[in-house]
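Below you'll find the structure, written out as structure tokens, and then a few comments.
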Amino acid sequence: MNRGLLQRFENLMQLRGACWQLRALSSRQVFGAQWKPVQLSAHPVGSLLLHPQLWPKPRLISAALPQCRHLATKEETKKKRKKIPLMRGEVEIRQKMTVEELAQAMGKDIDHVYEALLYTDINLDSVEPDSILREDHIKMIVQKSGMKYKSAKLKEEKERRNTDAVKRPPADPAVLTPRPPVVTILGHVDHGKTTLLDSLRKTQVASMEAGGITQHIGAFIVHMPSGEKITFLDTPGHAAFSAMRARGTYVTDIVILVVAAEDGVMEQTVESIQHAKNAGVPLILAINKCDKPEADPERVKKELLAHDVVCEEFGGDVQAVNISALKGENLMVLAEATVALAEMLELKADATGLVEGTIIESRKDKGKGPLTTAIIQRGTLRKGCVLVAGKTWAKVRFLFDENGKAVDAASPGIPVEIMGWKESPSAGDEILEVESEQRAQEVVAWRTYVEQQEKMKKDLEVIEAKQKEHRLEYEKKQQKVAHLTWRQRKAVLYKANKHLMFSRPKERTEMDENTLSLIVKGDVDGSVEAILNILDSYDCEDECKLDIVYFGMGDISENDINLAEAFNGVIFGFSVKANESIKKLADKKGIKIKLHNIIYKLIEDLKDELNSRLPSAVVETTIGEASVLDTFSVTVGKNKIPVAGCRVHKGLLDRKMKFKLIRNRDVIWKGCLSSLKHHKDDVQVIKTGMDCGLSLDKNLEFSIGDEIICYEEKEVQQKTSWDPGF
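For the sequence shown, our numbering gives the first residue as -14, with consecutive numbering after it.
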């Protein structure tokens, strides 16, 4: 072997050994190892290998081991270095993260989070991409994904300053001026409220010599011959509009209770009395239809005593006026009674400063946009005022009176229609005037923020309740597999839940067949509110699910058709229209549009639509009944067939129909007859009082006293058990 090459190899080994010794010395404090310098021989390593006899065996081993030891240490260090994991990705987590937010933070797909959730007690049926996850579940998902988590630094959110608008303090009595009384007419449906209102309007139009009323905004003014004004509010009498009646009483000063003289006190009459009592508003009794022969005003007054409505002639304080709204009799007497009561109440208001009022009704107009009918309660409303109501605001562009004429101002007690809203506020919202548009936006932003906080609080309560329910279910499942190892338990849990991956919410595109999707449109906000209140009472989800996709005001639009097509829904409209192009589009896409002007007819149509979604039921109709009087058997080929000797005691037995055998009140067989004989002749029908022999099944034995029932099966369309209450 080349001796120069061996010399270079020896030098290289020495250099490596020296380096490792220096490294070992520097880390002595860490590892506690006692290393000594290697005593290298004067002979090269190669000579040791070539001439082993020059060294005794122990010395040879001692000279070679240190270098081998250094080499082994280096290999072990490499192995240890390989075992140390590389720095993995960290995921910044926080409380109340949603499924979608966690997937984005991890850089994964939502499917990945769903898969990890299979190992938890969460029910995937209730998990949506925007569902909030618990903190322990978030940490588990991150760890299952081979990542580390770190909690995000919570930003200490400063307490938000309340920027809401509020009413002004009570006004100085010295600045108060008289105002017209606000009167609401209440009563049972069909008792003549609308006729009374129409008669009052006609009287007013005639006195003003106007050509007619261009539009109806739910409120109007009557001018008395003496110069006084009365503001009347119109509220529906149907049971569905209870919320509108209640709203009317809280903005009114006097309630005129209309009761039909021939019908007496009815359901909505009692409800109207209760609304007036709750609002603390005095009553005037208008007994209508007194021109009819069967009218009995005295009976009406006596019936009202049971509801604490005591007329003046019985020692009470309630004025009673007998009227005929249809013929216009005693209408001025009723108006004078109203003025007299208003004078006793000394109704006054502050007509200066910022405006305060209440929205009576809200609707949308194609040309004017959102419009509201309001009663001004304080201040004077003028064009240019900036108003806030609910979560919207307006800069008043125009004001209209009950005849649709533009007016410049509206003082307290005067009904007015307001144009200029950014969005439609809700009926019943309070109107407050603010200093500027910027201030109005601050108020709306604050109210939206408060609503979001309240919604979030309610959502968390629902989530916690669901999670508690799911945890109890999970614990029950865990008890069943408690005897298994943890790996076996996880495997069983995964297999049991894996099928849910195929029905995740984001993949559920097909609607359930027994689900009725609705698009509800109404002429005004109060109508939509009444319909939604009725739908809230729906409690037959087990029969057919009811899903309200959209609701709003205005005529049927193309957007409504597209929504109905997307959700396989039906459009219900109340006092709205659908033009010809919309109807053609609906017919082309197979969308049903159901338009109504009467609330109970709309509900009846809705119930019919629900019925059509229910599966048909099979109903058994009994045709005849017979009793087994004797049993015997006949031989057919090699088989013995049991035969029953029967007598028909009700109806008839028809061989084409189905039969059942009843023994001790239990049905033990159903099917068709094998044979039906009368005096050894095959027959099709056996009538009442006749004897016959029949066989059902070759393996079925009869007993004396058994009952044979002949029946017919018919498919009958089921009807929903939902009762809206009227």
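Note that CB positions come from ideal geometry on N, CA and C, so glycine has one too.
Asked: DSSP state of K135, grouped into three classes?; Found: strand
Asked: Going by the DSSP bridge assignment, what does M538 pair with across the sheet?; Found: G507
Asked: Given a cut-off of 7 Å, decide if V633 and T673 are closer than it, judged by their beta-carbon atoms.; Found: yes
Asked: Please name the residue, chosen from A280, K462 and C677, that lies closest to D666 on a Cα-to-Cα basis.; Found: C677
Asked: Using beta-carbon positions only, say whether K376 and G405 come within less than 7 Å of one another.; Found: no
Asked: Should V371 and V419 be called a contact, given that it needs their Cβ atoms to be closer than 7 Å?; Found: yes
Asked: Counting along the chain, where does the beta strand (DSSP E) carrying M404 start and finish?; Found: P400 to W406
Asked: Please classify A374: does DSSP put it in a helix, a strand, or coil?; Found: strand
Asked: Drop a sphere of 10 angstroms on the beta-carbon of R145, count the other beta-carbons inside from all chains shown, and report buried for 16 or more, exposed for fewer.; Found: exposed
Asked: Return the residue from the list D293, G249, V306 and L268 that minimises the CA-CA distance to E279.; Found: G249
Asked: Would a C-beta distance cut-off of 7 Å place V505 and F557 closer than the cut-off?; Found: yes
Asked: By DSSP, does L0 sit in helix, in strand, or in coil?; Found: helix
Asked: Using the three-state DSSP reduction, which class does Y696 fall into: helix, strand or coil?; Found: strand
Asked: Between K152, E528, L638 and L520, which lies nearest to D335 when the distance is taken from Cα to Cα?; Found: K152
Asked: Thinking P627 and L685 are a contact (beta carbons under 8 Å), I'd like their distance in whole angstroms, please.; Found: 6 Å
Asked: Figure out for me which residue from F644, S560 and S130 has the closest Cα to the Cα of A515.; Found: S560
Asked: Whole-angstrom Cβ separation of Q703 and S566, contact assumed at under 8 Å?; Found: That belief does not hold up - the Cβ atoms of Q703 and S566 are roughly 37 Å apart, past 8 Å.
Asked: How is T616 classed by DSSP in three states: helix, strand or coil?; Found: strand
Asked: Out of curiosity, what's the CA-to-CA distance linking D691 and G609?; Found: 14 Å
Asked: Nearest to G92 by CA position, among N108, A374, A467 and E77, is which residue?; Found: E77
Asked: So, for P166: in the same chain, excluding its five sequence neighbours on each side, which residues have a beta-carbon less than 8 Å away from its beta-carbon?; Found: I215, T216, D238, I239, T323, V324, L326, A327, L330, L332 and G398
Asked: If you draw a straight line from the alpha carbon of L56 to that of R(-7), how long is it in whole angstroms?; Found: Residue placement at L56 is flagged as unreliable, the pLDDT there being 42, under the threshold of 50; a coordinate-derived value is accordingly withheld.
Asked: With distances taken between CB atoms, is the gap from V255 to G172 smaller than 7 Å?; Found: no
Asked: Return the first residue and the last residue of the beta strand (DSSP E) that S680 is part of.; Found: D676 to S680
Asked: Should the stretch 262 to 274 be called in touch with the stretch 294 to 304, which here means at least 3 C-beta pairs below 8 Å?; Found: yes
Asked: How many angstroms separate the CA atom of M(-14) from the CA atom of R1?; Found: Summary for M(-14): the model assigns pLDDT 49, below 50, so the residue's position carries little reliability; its value from the coordinates is reported in the next sentence. Whole-angstrom Cα-Cα distance: 23 Å.
Asked: I'd like to know if the stretch 286 to 295 and the stretch 204 to 212 are in contact, where contact means that at least 3 CB-CB pairs between them fall below 8 Å.; Found: no
Asked: Rank V174, A261 and A320 by C-alpha distance to the C-alpha of S211 and give the top, closest one.; Found: A320
Asked: According to DSSP, is S566 helix, strand or coil?; Found: helix
Asked: What does T162 pair with, by DSSP beta-bridge criteria?; Found: A334
Asked: Here's a check: name, in chain order, each residue in its chain whose Cβ is nearer than 7 Å to the Cβ of G507, leaving out the five neighbours to either side.; Found: V513, I516, M538, F559, S560 and V561
Asked: With distance defined between alpha-carbon atoms, name the residue in A90, D175, E113 and V174 nearest to K133.; Found: A90
Asked: Determine the closest residue to A629 out of R598, L580 and K683, with distance taken between C-alpha atoms.; Found: K683
Asked: I758 and T365: beta carbons closer than 7 Å?; Found: Residue 758 lies beyond the range of the chain shown here (-14 to 711); nothing can be said about it.
Asked: Could you tell me the distance, in whole angstroms, from the CA atom of H468 to the CA atom of L457?; Found: 19 Å
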